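Data block below; observations after.
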Ligand SMILES: [Zn+2]
Ligand SMILES: [Zn+2]
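In the numbering used here, the protein residues as written are 190 to 319.
Quick look at the structure:
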């Protein structure tokens with residue numbers, strides 16, 4: 190399935206919108222703008238979004254593979270303010286504001302797992318799938 194690609198003008202870095210669920214969001218979600226960068230993806234912006242409109246735009250199909258790290262100007266989650274995510278190893282969706290210490294439950298698919306760390310390249314990503 191085609192993933193939505195936001196930037197179409199030549200010369201601009203490839204960018205995608207991925208979705209994140211936050212425990213503080215009370216049923217809402219938010220979009221995170223990722224931009225292709227050296228060695229992976231840099232996330233540059235976050236904005237509140239309704240899940241229904243995200244589905245309509247096809248953003249729920251976006252999967253980010255590889256290393257991710259915040260841009261210096263990344264504003265953080267619009268609900269809880271964190272600059273980091275956990276990427277579910279099962280469905281490749283983003284979660285934030287995971288309260289438990291070492292295990293997490295994915296709000297998208299219900300997968301549970303052990304956290305690898307919040308430090309950017311320590312985050313579980315889907316790069317090894319298959
Ligand atoms: Zn959050
Ligand atoms: Zn999941």
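Beta carbons: idealized from backbone N, C-alpha and C, even for Gly.
Keep in mind it's a predicted model, so treat the numbers as computed, not measured.
Check whether residue i and residue j have beta carbons under 8 angstroms apart
i: residue 258; j: residue 238; result: no
i: residue 277; j: residue 295; result: yes
i: residue 300; j: residue 279; result: yes
i: residue 262; j: residue 209; result: no
i: residue 271; j: residue 256; result: no
i: residue 321; j: residue 223; result: A query on residue 321 cannot be resolved here, the shown segment of the chain reaching from 190 to 319 and no further.
i: residue 243; j: residue 221; result: no
i: residue 233; j: residue 260; result: yes
DSSP state of residue i mapped onto helix, strand, coil
i: residue 212; result: helix
i: residue 203; result: coil
i: residue 228; result: coil
Minimum C-alpha distance to residue i - residue among the options
i: residue 226; options: 205, 271 and 216; result: 205
i: residue 253; options: 228, 291, 216 and 214; result: 228
i: residue 330; options: 201, 269 and 281; result: For residue 330 there is no data in the structure shown, the boundaries of the chain being 190 and 319.
i: residue 216; options: 260, 275, 240 and 291; result: 240
i: residue 293; options: 211, 203 and 202; result: 211
Burial state of residue i (16 or more Cβ within 10 Å)
i: residue 298; result: exposed
query = In chain order, which beta strand (DSSP E) runs of at least 3 residues are fully inside the region 231-310?
reply = 256-259, 283-285, 292-294 and 301-303
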